Amino acid sequence: MNDIVKIKGLKSGLQLSFAKGASFDDVQANLLDKLETGNKFFIRGTTVFVPKDFFAEEQNEKLRRMFHRHGMLFSTELKSPSFSAPPKNPATKPKSEPEKVQPMVVINRTVRGGQEIKTESSVLILGNVNPGAQVIAGGSIDIRGTCRGIVHAGAFGDETACVVADRLMPLQIRIADVVARSPDEMEKADHAERASIKNGHIVFEPIIR
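Note that numbering that gives the first Met the number 0 gives residue 34 to position 35 of the sequence shown, counting from 1, and the numbers run on in steps of one.
Okay, here's the thing in structure tokens:
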């Protein structure tokens, strides 16, 4: 008779499951025996869960009154007789994965003619990019100096990448698959500029550092 009722503890209370083929009278008698003999699981104030569709409503009412007499709460919210896991809270949202931060390569020198910088990430150049030099980056390119070489940002297809320089006068500039040359009037510009793709074209805009 001890195996008629099985008890599983949860944070929210106790889940009960019953031996296959056990009658309601057997279950009630077994539960009453556990309650009256001071079973360690049945503590006053605890909520006891049984499968919603396991007993008829009048039988559930008998169990409810029996548990109430012993200072316990009774619930039939669990619909399934399988108690492999506590019921899930539908309001709980899955945790989102943290956004990945793209690394940046820092070049602490001027890139001279004949030299090439190539990286899968973004790149920060603390110096000039001289004529004949080439910079290729999977992300954006930021030049803290004058750019007169060839620069290619978003080299793997990232159209959101941009090129920034204190003086942006590249021989050729490319972002993703869009290619342009800087306008001649940029030769006289003495302020920082940003090049980015807008409406399928590379545009140059002044920025404040």
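Note that beta-carbon positions come from the ideal geometry of N, C-alpha and C, so glycine has one too.
In this text, all values refer to a predicted model and were calculated from it rather than measured experimentally.
Enclosing alpha helix (DSSP H) for residue i [first to last residue]
| i | result |
| --- | --- |
| Val26 | 23-35 |
Extent of the continuous beta strand (DSSP E) run through residue i
| i | result |
| --- | --- |
| Leu167 | 162-167 |
| His151 | 149-152 |
| Pro205 | 200-205 |
| Lys197 | 192-197 |
| Ser74 | 72-74 |
Coil, strand or helix - residue i by DSSP
| i | result |
| --- | --- |
| Met103 | strand |
| Arg173 | strand |
| His67 | helix |
| Glu119 | coil |
| Lys61 | helix |
| Pro80 | Residue placement at Pro80 is poorly supported in this model, since its pLDDT is 44, which falls under 50; the coordinates still yield a value, given next. Three-state DSSP puts Pro80 in coil, outside helix and strand. |
| Glu56 | helix |
| Ser11 | coil |
| Thr45 | coil |
| Ser16 | strand |
| Ile3 | coil |
| Thr145 | strand |
| Gln209 | An answer regarding residue 209 cannot be provided, because it is not within the stretch 0 to 208 covered by the chain. |
| Ala132 | coil |
Distance between beta carbons of residue j and residue i, contact taken as under 8 Å
| i | j | result |
| --- | --- | --- |
| Ser74 | Phe48 | 5 Å |
| Gly8 | Phe41 | Their Cβ separation, rounded to whole angstroms, is 11 Å, which puts Gly8 and Phe41 out of contact at 8 Å. |
| Cys146 | Ala175 | At roughly 18 Å, the Cβ-Cβ gap does not stay under 8 Å, so Cys146 and Ala175 are not in contact. |
Nearest residue (CA-CA) to residue i, options the options
| i | options | result |
| --- | --- | --- |
| Glu35 | Gly8, Met65, Lys10, Gln14 | Met65 |
| Met71 | Pro205, Arg193, Asp52, Ser11 | Ser11 |
| Ser195 | Asp2, Phe17, Val26, Thr159 | Thr159 |
| Gly126 | Ile140, Glu119, Ser120, Thr118 | Ile140 |
| Gly112 | Thr118, Val104, Asn129, Val122 | Asn129 |
| Asp25 | Phe54, Pro169, Gly44 | Phe54 |
| Leu170 | Thr118, Gly20, Gly131 | Gly131 |
| Lys51 | Arg63, Ile42, Ile172 | Arg63 |
| Lys61 | Arg43, Leu31, Ala191 | Leu31 |
Cβ of residue i within 8 Å of any chain D Cβ
| i | result |
| --- | --- |
| Ala179 | Structure shown: chain D not included; a single protein chain is present. |
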